[in-house]
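First the structure, in the form of structure tokens, and then the observations on it.
In the working numbering, the protein residues as written are 4 to 331.
Listed below in structure tokens is the structure:
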């Protein structure tokens with residue numbers, strides 16, 4: 004396949020480099036110093052895998068004439084400007100590996116709903132000072148037709164991800180997968196950013212585990228109001244966490260923490276990585292979206308709202324702004 008990867012941060016680099024190594028025709032859309040590093044040195048992956056591949060890079064997406072598959076991996080706040088440069092591009096299929104659930108609507112607005120696949124990735128890493136990427140987590144990457152169902156193209160894309168070294172699958176219930184991962188991410192990004200701790204540390208702490216459970220359960224209530232079922236796939240059973248008691252939910256979280264201690268003790272949520280490097284945070288498009296959706300559906304979400312307002316304040320200070328466009 005001719006694959007265009009939009010964004011060359013940690014996730015885009017891991018997935019794109021794996022696809023290139025597996026023999027796919029991959030071109031990266033990157034910018035600035037990152038584009039220069041990739042042109043000169045290729046992509047070096049360490050951690051869960053250890054390899055370096057040369058890659059094709061462009062800073063001008065209008066140079067690309069067509070794509071069998073477009074992968075969107077930029078930060079959520081960069082989505083609209085990234086897609087504006089791609090409106091000319093004939094795309095057979097497009098999917099986003101971004102955090103949150105806004106992504107599918109944004110892709111559909113540019114390429115058409117029939118070309119968009121749902122996707123969710125529990126895959127992460129960190130770009131190192133030398134430009135290499137340390138791959139720390141490879142739990143799951145699911146793709147599927149929206150709102151439900153699978154297809155030959157979804158299976159073909161999943162198979163390409165498997166060849167790239169990812170734990171990938173074609174899912175017939177991709178909205179369930181996306182919202183279950185969304186609940187996991189929202190809880191993790193809030194706790195990681197507010198505690199400044201690695202994932203394993205706040206998940207195994209009793210107070211951190213309780214807050215994580217409350218955040219996930221509140222977002223689970225939003226999904227329930229939207230009639231989106233959740234699932235128990237992966238080391239943290241999201242459905243069971245939302246369906247049982249709070250005490251049981253905390254126990255689930257702490258067990259997940261024990262798994263992270265064993266598998267990825269140094270793992271840090273991408274939002275914490277951004278915080279440590281003084282970068283803008285993915286607050287409005289992820290945590291903020293959850294709070295606004297809860298308010299729209301009249302679902303109580305006090306822990307989500309408190310976490311959102313704290314991180315929105317941090318984010319505004321980083322951007323030198325005094326007010327949020329979504330403040331209420």
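From the three backbone atoms N, C-alpha and C, an ideal C-beta is built for every residue, glycine too.
Since the model is a prediction, treat every value here as computed from it, not as a measurement.
Buried versus exposed, by CB contacts within 10 Å (16 or more), residue i
i           : result
residue 160 : buried
residue 2   : There is no way to answer for residue 2, as the model of the chain reaches only from 4 to 331.
residue 279 : exposed
residue 299 : exposed
residue 261 : exposed
residue 102 : buried
residue 281 : exposed
residue 323 : exposed
residue 69  : exposed
residue 196 : buried
residue 15  : buried
residue 132 : exposed
residue 143 : buried
residue 316 : exposed
residue 162 : exposed
residue 230 : exposed
residue 326 : Bear in mind that the predicted position of residue 326 carries a pLDDT of just 47, short of 50, making it too unreliable to give a figure here.
residue 26  : exposed
Beta bridge counterpart(s) of residue i as assigned by DSSP
i           : result
residue 127 : 140
residue 5   : 28
residue 122 : 146
residue 99  : 75
residue 46  : 56
residue 173 : 146
residue 70  : 94
Residues near residue i by beta carbon distance below 7 angstroms, same chain, minus five either side
i           : result
residue 175 : 147, 151, 152, 153
residue 259 : 206, 238, 239
residue 157 : 120, 146, 147, 148, 173
residue 318 : 283, 284, 286
residue 194 : 205, 211, 214, 215
Simplified DSSP state of residue i, which is helix, strand or coil
i           : result
residue 331 : Here residue 331 scores only 44 on pLDDT, less than 50, and its place in the model should not be relied on; the value that follows carries that caveat. In the structure shown, residue 331 sits in coil (DSSP, three-state: anything other than H, G, I, E or B).
residue 16  : helix
residue 241 : helix
residue 234 : coil
residue 59  : strand
residue 104 : coil
residue 274 : helix
residue 264 : helix
residue 315 : helix
residue 180 : helix
residue 113 : helix
residue 293 : helix
residue 151 : coil
residue 225 : helix
residue 2   : The structure shown does not extend to residue 2, since the chain is modelled only from 4 through 331, so no value can be given for it.
residue 39  : helix
residue 320 : helix
residue 64  : helix
C-beta atoms of residue i and residue j nearer than 9 angstroms
i           : j           : result
residue 21  : residue 167 : yes
residue 75  : residue 9   : yes
residue 187 : residue 237 : yes
residue 225 : residue 297 : yes
residue 149 : residue 119 : yes
residue 177 : residue 111 : no
residue 245 : residue 211 : no
residue 256 : residue 199 : no
residue 56  : residue 23  : yes
residue 251 : residue 307 : no
residue 228 : residue 302 : yes
residue 137 : residue 79  : no
residue 18  : residue 249 : no
residue 98  : residue 288 : no
residue 40  : residue 134 : yes
residue 182 : residue 100 : no
Chain-order list of residues whose beta-carbon lies under 6 angstroms from that of residue i (same chain, five-residue window excluded)
i           : result
residue 333 : Residue 333 lies beyond the residue range present for the chain, which begins at 4 and ends at 331; the question has no answer from this structure.
residue 30  : 7, 59
residue 38  : 60, 62
residue 219 : 186, 190, 244
residue 235 : 242, 243
residue 267 : 139, 140
residue 82  : 109
residue 51  : 138, 141
residue 217 : 306
beta-carbon residue i near the ligand FAD non-hydrogen atom, thresh 8 angstroms
i           : result
residue 176 : Of ligands this structure carries none, so the ligand FAD is not represented either.
Residues near residue i by beta carbon distance below 8 angstroms, same chain, minus five either side
i           : result
residue 270 : 127, 139, 140, 201, 202, 203, 263
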